[in-house]
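Peer 1: In the UniProt record's numbering, the protein residues as written are 1 to 99. What follows is a structure written as structure tokens; I'll ask about it next.
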């Protein structure tokens, strides 16, 4: 993945907010179930908070996942998302070296 692709993924307010919300899911998604907390946050909760359609949210999450900033876990019919903080940190370090 190139730095340019990663920057393009971040060049959207909704995607930046998703990453911000998932940095502290307890604060931003207080109503989520305790038994799934270790999996991440359900796509439905993210969609509801963002106020977007399911198809739009799917595109945003796919872009963030493609560049490695999110990991997805499927449980039954639900998909849960978590930040990949190590990958985000590696990106910021690479960006610092490049610029």
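For every residue, glycine included, the Cβ atom is placed at its ideal position computed from N, Cα and C. Keep in mind the model is a prediction, meaning the values are calculated, not measured.
(1) Residues bridged to residue 73 by DSSP?
(2) Could you tell me whether the Cβ atoms of residue 15 and residue 64 are closer together than 8 Å?
(3) For the putative contact between residue 21 and residue 49, defined by C-beta atoms under 8 Å, what is the C-beta separation to the nearest angstrom?
(4) Please state if the CB of residue 36 and the CB of residue 80 are separated by a distance shorter than 8 Å.
(5) What does DSSP give as the partner residue(s) for residue 41 in the beta ladder?
(6) How would you write the range of the alpha helix (DSSP H) that residue 13 sits in, first residue to last?
(7) Measuring only the C-alpha atoms, how far is residue 32 from residue 92?
(8) In this structure, does DSSP put residue 52 in helix, strand or coil?
(9) Residues in its own chain within less than 7 Å of residue 95 by CB, not counting five upstream and five downstream?
Peer 2: With the given structure in hand:
(1) Position 73 of the chain shown, counted from the first residue, corresponds to residue 73. Residue 73 pairs with 80.
(2) Mapped onto the chain shown, residue 15 falls at position 15. Mapped onto the chain shown, residue 64 falls at position 64. Yes, they are a contact pair.
(3) Numbered from its first residue, the chain shown carries residue 21 at position 21. Numbered from its first residue, the chain shown carries residue 49 at position 49. 7 Å between Cβ atoms; contact.
(4) Within the chain shown, residue 80 is the residue found at index 80, counting from 1. Within the chain shown, residue 36 is the residue found at index 36, counting from 1. The Cβ-Cβ distance between residue 80 and residue 36 falls below 8 Å.
(5) For the purposes of this step, residue 41 is taken as the residue at position 41 of the chain shown. BP columns for residue 41 point to 81.
(6) Working through the chain shown from its first residue, we reach residue 13 at position 13. The continuous alpha helix (DSSP H) containing residue 13 extends over residues 13-23.
(7) Walking along the chain shown from the start, residue 32 turns up at place 32. Walking along the chain shown from the start, residue 92 turns up at place 92. If you take the alpha carbons of residue 32 and residue 92, they lie about 30 Å apart.
(8) Here the question's residue 52 lines up with position 52 in the chain shown. Here residue 52 carries a coil assignment [DSSP, helix/strand/coil].
(9) If you number the chain shown from 1, residue 95 lands on position 95. For residue 95, where only same-chain residues beyond five positions count, the Cβ hits under 7 Å are 3.
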